[in-house]
Every structure is written in C-alpha cells, then in structure tokens.
Ligand SMILES: Cc1cc2nc3c(=O)[nH]c(=O)nc-3n(C[C@H](O)[C@H](O)[C@H](O)COP(=O)(O)OP(=O)(O)OC[C@H]3O[C@@H](n4cnc5c(N)ncnc54)[C@H](O)[C@@H]3O)c2cc1C
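Here you go:
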C-alpha cells in the first residue's frame with residue numbers, strides 16, 4: 004500500500020490530522036482541491052476562545068476543552084496567537100447583569116489555571132475601553148486570544164510535511180472505492196493512489212464527498228454562513244469588543260492588521276458551500292450592530308474588505324442556526340477499509356480533534372495510540388516571550404523597520420531566522436513588490452508554504468492585499484513563476 008492515510012481537505016482539521024498522524028510515522032497524503040485554508044479555515048472570526056456564548060446552550064464540555072486548548076495553543080504558537088482583552092458592554096434588555104456575571108465566572112472556572120487575566124467589571128478608569136462607546140459605561144472585561152487562522156492551518160501542514168507527509172494542493176479527490184485491503188482513489192492530478200484508510204475532512208463538502216464515496220453516515224451536516232466586514236480603525240487600542248444584539252446574537256469588533264477593525268459575524272443557513280458570499284443585507288446588519296454601540300458611525304461605504312465562510316456544523320436538530328452546536332463529531336465506518344468523517348469543529352479545537360481522530364485511527368491501523376502534540380511547538384513557535392524575541396529580531400534585522408519586523412515576526416516566528424539567513428541589508432531582500440513585501444518573502448511562501456497564486460500570497464499567507472498597490476498582483480505572480 005502506498006499510503007497509510009489519505010486525508011481529503013486542507014483546512015484546519017485535515018492539516019491538524021495530517022500533523023498528528025505524521026508524528027506517528029504513518030505515511031500520509033493530504034489532498035486539497037484549492038489552496039490550504041482557502042475556505043472556512045481562512046474565513047473565521049479568528050478567535051482562539053472557549054466561546055462564552057456556548058455556555059447559554061450548556062455546552063460546558065466544549066467550552067472547557069476549547070479553553071484548555073487556548074492555553075496550549077498560546078504557548079505552542081505565540082507568534083500566530085496572541086492574548087486579547089474583550090470589552091463586553093452591558094445591555095440589560097438582552098441579558099440581565101447577573102446572567103452575564105455568572106457566565107463569566109463560569110468561563111474563568113472552566114478555564115482552570117490560565118495565563119490570561121480573569122474577568123472583571125468595567126471600572127471608571129478604563130477610559131481607553133469606554134471612550135469610543137455611546138451611553139453609560141457599565142459592562143465587563145474578559146480575556147481570550149486572536150489567531151491568524153490561515154497561517155495556523157499552514158503551520159500544521161508545514162509540521163506534517165517536516166515528518167514526511169505529502170501535501171498536494173490544487174488536487175481534488177475525484178472518486179475512491181474500497182478494495183480488499185485499502186482504498187483506491189482517483190486524483191485530479193491524474194494519479195491513482197492507494198491508501199489503507201481514508202479521512203474525510205472536507206469541511207462544508209463532507210456530505211458531498213460521502214456521496215462520491217457511496218457511503219451513508221448517521222451524522223448530518225448543517226451549513227451556516229458567517230460573514231465579516233473590515234473598516235478603517237473604529238477605535239484605538241489592542242482590545243476588542245463583544246456586542247450583544249437585540250436578536251440575542253453577538254457581534255465582535257476586533258483590531259485588524261494595524262489600521263483596521265474586523266466586524267463579524269452573521270449566522271445564515273445556506274444550501275451549498277459555494278453560497279459563501281457576504282450579502283448587502285449582512286453588511287447592513289454588521290454596520291447597524293456596531294453603530295448601536297460606538298459614537299463613530301459607519302456605513303456600507305466604509306467597508307474596505309469582506310469575507311464569508313460556511314460553518315460545516317454537526318446537525319443536532321436545533322431549530323435556529325445560531326444555536327446549532329459548535330462541537331464536533333467523528334464518525335468511523337469500518338465496513339471494509341476504514342473511513343473517518345469529520346463533522347463540525349472549530350479552529351480552537353482542531354488539535355484536540357486530531358488527537359481524538361488518532362485515538363480512532365490507531366486501532367484500525369493496528370498501531371498503539373499515544374498523544375503526540377499536547378506539548379509540541381508549531382514551526383517557528385519556540386519563543387519564550389514574544390515581545391523579547393521581537394525586540395531581538397528588530398535589533399538583528401534593523402533594515403526591516405519596526406512595522407515590517409513585527410508583521411514578519413508574527414507570521415513566521417523563528418522560521419524568519421531561516422528565511423533571512425545570510426541577508427544583511429535591504430538589497431538582500433530583493434525587489435519590494437509593494438507594501439514591504441519583497442521577493443525573498445514570496446519565494447519563501449512558494450518554496451516552503453505551497454503558495455501558487457497572488458491570492459495565496461496576498462490574502463492568506465499575508466493580508467498585504469488590504470494595502471495592495473497597482474501592479475502588485477502581477478509582480479507577485481512573476482516571482483511565483485520564476
Ligand atoms: C464565520 C465563521 C466564524 C468562525 N469563527 C471561529 C472562531 O473565531 N474560532 C474558532 O475556533 N472557529 C471559528 N469558526 C469555525 C472554524 O472556522 C471551522 O470549524 C473550521 O475552519 C473548519 O475547518 P475544516 O478543515 O473542517 O473545513 P475547511 O477549512 O473548509 O476545509 C475543508 C477543505 O476541504 C477541501 N475539499 C473539499 N472536497 C474536496 C475534495 N473532493 N478533494 C480535495 N479537497 C477537498 C476544501 O477545498 C476545503 O479547503 C468559524 C467559522 C465561520 C464560518
């Protein structure tokens with residue numbers, strides 16, 4: 004058999020399973036029909052969080068697991084994930100004070116020992132938090148974390164590849180059939196490959212892939228679209244806001260890429276993964292959601308960027324889209340060569356999901372199960388204190404300038420040391436393709452991170468697309484084609 008495991012889907016879940024499995028020494032092939040993280044895993048709110056809101060639907064197990072993962076991930080990828088303070092203005096007509104206070108207390112308890120500050124009420128001295136807000140300034144402050152979702156997905160794939168996993172992007176699984184001791188799969192690159200086991204981590208396409216495989220499962224998927232908008236910075240500071248809405252939903256306003264604010268999200272049931280398009284109605288909803296709270300008012304004309312993703316939620320029969328569980332279900336089918344399908348999940352819990360997937364996969368492949376990634380750093384993540392390391396990086400490569408050094412340090416962590424080895428001045432970085440993005444960086448993305456198009460570079464491996472300049476796409480494409 005050529006491969007032990009054929010994983011379909013290069014989102015966070017497929018890449019996390021590839022990482023975990025490759026650390027067992029399994030021979031892994033991951034196929035992704037587009038780019039890594041090109042669908043849901045780059046379209047999230049980008050929070051590593053327990054999900055305060057899920058306490059309302061009594062999802063204590065999920066919240067506890069996610070909060071424990073938050074702590075692990077903060078130390079395993081300190082360049083990609085950073086602590087963030089959240090301001091929660093009080094809205095008595097939506098939820099009474101005692102309810103929010105109790106929820107936050109429970110959130111702290113479920114987190115257990117945490118490196119993040121515990122929740123508290125807003126004080127009069129919190130002027131930076133309250134100044135941008137309308138009305139009276141009652142409310143709460145609590146902590147969670149922010150993540151570069153596409154790059155965390157990529158970090159999983161890079162670690163998997165370092166342990167000999169084969170990552171095939173722009174490669175679709177067209178069909179697969181069960182044979183005597185494995186699966187035979189047809190790929191869009193013309194190959195026919197064989198694997199002992201198949202993993203369906205196709206996210207919103209999980210059901211479509213099952214159809215292709217002629218397999219039926221007990222679990223069903225519910226597709227729920229969520230959109231975000233980006234506007235020029237709404238407020239100063241590195242903290243975020245969580246804003247309760249009259250329909251009981253919550254909308255986040257989060258600092259984004261220096262000069263911007265990210266606002267989201269919505270919950271709209273959809274029929275197909277391809278329906279992930281941010282509608283005018285969603286843009287209006289998100290503008291109104293922040294206008295209820297901030298003195299600075301925004302309109303559709305302020306929107307500089309937007310994205311939409313489809314949550315592949317496990318269908319638990321809940322009537323309202325916003326209340327459908329965010330927990331995941333792993334279903335195995337071992338009528339012949341085994342198949343494992345992933346329903347649901349979150350960026351935050353992908354590592355735990357992969358660990359649980361391996362608990363199921365190991366006995367099916369006749370290997371012993373052991374935890375591999377609980378205390379494992381992500382590539383570039385071996386950094387004790389990010390601020391100290393950033394200061395050293397700025398001193399070591401002064402020609403980068405403060406802003407670019409910070410951007411690159413967050414994106415690559417210590418992998419920057421390999422990227423910039425032997426480079427002592429700006430000339431060594433090659434041509435500036437625009438916005439401080441140089442030839443050296445784009446070549447790194449091409450050679451180490453599977454970047455193939457300008458979009459892969461400008462919108463997923465970086466967000467420099469937000470500052471795009473005329474001719475930049477063509478210049479990036481030229482370097483990619485070298
Ligand atoms: C609006 C929104 C906000 C969210 N916010 C958060 C948040 O703040 N924090 C958090 O933890 N989680 C959040 N989530 C959840 C999280 O983003 C998702 O659970 C996660 O990204 C799903 O990852 P996935 O790997 O299952 O799916 P995907 O990322 O969609 O990956 C599946 C991949 O499979 C590929 N594929 C499908 N069929 C085939 C085939 N036949 N051959 C090859 N490849 C195939 C697709 O191209 C796709 O790239 C949010 C989700 C949404 C939509």
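Numbering (the numbering used here), first residue to last: 4 to 485. Glycine included, each C-beta is placed from N, C-alpha and C at the ideal position.
Inspect the beta-carbon positions of residue i and residue j and report whether they are closer than 8 Å.
i: residue 3; j: residue 87; result: Not covered by the structure: residue 3. The range shown for the chain is 4 to 485.
i: residue 149; j: residue 49; result: yes
i: residue 157; j: residue 464; result: yes
i: residue 343; j: residue 202; result: yes
i: residue 289; j: residue 262; result: no
i: residue 207; j: residue 317; result: no
i: residue 19; j: residue 356; result: yes
i: residue 350; j: residue 47; result: yes
i: residue 65; j: residue 118; result: no
i: residue 3; j: residue 383; result: This structure cannot speak to residue 3, because the chain is shown only from 4 to 485.
i: residue 224; j: residue 315; result: yes
i: residue 14; j: residue 204; result: yes
i: residue 260; j: residue 469; result: yes
i: residue 234; j: residue 264; result: yes
i: residue 73; j: residue 51; result: yes
Would you mind working out which of the options sits nearest residue i, comparing C-alpha positions?
i: residue 82; options: 91, 125, 151, 36; result: 151
i: residue 120; options: 136, 105, 145; result: 145
i: residue 28; options: 402, 401, 375; result: 375
i: residue 279; options: 261, 289, 268, 230; result: 230
i: residue 440; options: 416, 408, 425, 125; result: 408
i: residue 547; options: 378, 361, 377; result: Nothing can be reported for residue 547: it is not among the residues displayed for the chain, which extend from 4 to 485.
i: residue 226; options: 89, 92, 277; result: 277
i: residue 329; options: 75, 253, 348; result: 348
i: residue 282; options: 325, 312, 358, 402; result: 312
i: residue 33; options: 89, 101, 169; result: 169
i: residue 1; options: 200, 252, 209, 171; result: The displayed coordinates of the chain run from 4 to 485. Any statement about residue 1 would go beyond what the structure contains.
i: residue 40; options: 58, 400, 16, 55; result: 16
i: residue 232; options: 216, 111, 301, 249; result: 301
i: residue 199; options: 452, 359, 89, 5; result: 5
i: residue 486; options: 475, 427, 251, 56; result: Outside the shown range of the chain (4 to 485) lies residue 486, about which nothing can therefore be said.
i: residue 90; options: 166, 269, 241, 450; result: 241
i: residue 467; options: 336, 303, 410, 273; result: 410
i: residue 452; options: 159, 258, 385; result: 159
i: residue 249; options: 236, 273, 275, 294; result: 294
i: residue 393; options: 420, 59, 139; result: 420
i: residue 354; options: 377, 368, 337; result: 377
Whole angstroms is fine: what's the gap from residue i's alpha carbon to residue j's?
i: residue 381; j: residue 96; result: 43 Å
i: residue 459; j: residue 38; result: 7 Å
i: residue 429; j: residue 414; result: 19 Å
i: residue 44; j: residue 98; result: 31 Å
i: residue 327; j: residue 405; result: 43 Å
i: residue 364; j: residue 243; result: 39 Å
i: residue 186; j: residue 178; result: 10 Å
i: residue 481; j: residue 418; result: 24 Å
i: residue 255; j: residue 196; result: 44 Å
i: residue 220; j: residue 125; result: 48 Å
i: residue 154; j: residue 391; result: 22 Å
i: residue 479; j: residue 442; result: 8 Å
i: residue 22; j: residue 137; result: 46 Å
i: residue 388; j: residue 75; result: 15 Å
i: residue 71; j: residue 433; result: 42 Å
i: residue 239; j: residue 7; result: 51 Å
i: residue 333; j: residue 346; result: 6 Å
i: residue 395; j: residue 412; result: 11 Å
i: residue 457; j: residue 123; result: 44 Å
i: residue 475; j: residue 161; result: 26 Å
i: residue 444; j: residue 100; result: 49 Å
i: residue 359; j: residue 189; result: 28 Å
i: residue 449; j: residue 257; result: 30 Å
i: residue 215; j: residue 296; result: 47 Å
i: residue 335; j: residue 181; result: 15 Å
i: residue 116; j: residue 366; result: 33 Å
i: residue 304; j: residue 236; result: 14 Å
i: residue 104; j: residue 139; result: 18 Å
Could you check how far apart the C-beta atoms of residue i and residue j are, in whole angstroms? I think they sit under 8 Å.
i: residue 79; j: residue 352; result: Going by Cβ atoms, the distance from residue 79 to residue 352 rounds to 14 Å, so no, they are not a contact pair.
i: residue 176; j: residue 11; result: 5 Å
i: residue 437; j: residue 471; result: 7 Å
i: residue 174; j: residue 36; result: 7 Å
i: residue 92; j: residue 142; result: 4 Å
i: residue 271; j: residue 324; result: 7 Å
Would you say residue i faces chain B, with C-beta separation under 8 Å as the test?
i: residue 285; result: In the structure shown, chain B does not exist; there is a single protein chain.
Practice item. Let me know the beta strand (DSSP E) ranges lying completely inside the stretch 379–458, each 3 residues or longer, listed in chain order. Key: 435–437
Point to revise | Whole runs of the beta strand (DSSP E) within the stretch 296–362, excluding any shorter than 3 residues | key: 308–317, 332–336, 342–346
Practice item. Note down, one range per segment and in chain order, each beta strand (DSSP E) of at least 3 residues found wholly within the stretch 99–150. Key: 142–150
Check your understanding: In chain order, which continuous runs of the alpha helix (DSSP H) of length 4 or greater are located wholly inside the stretch 5–90?
Key -> 15–26, 63–79
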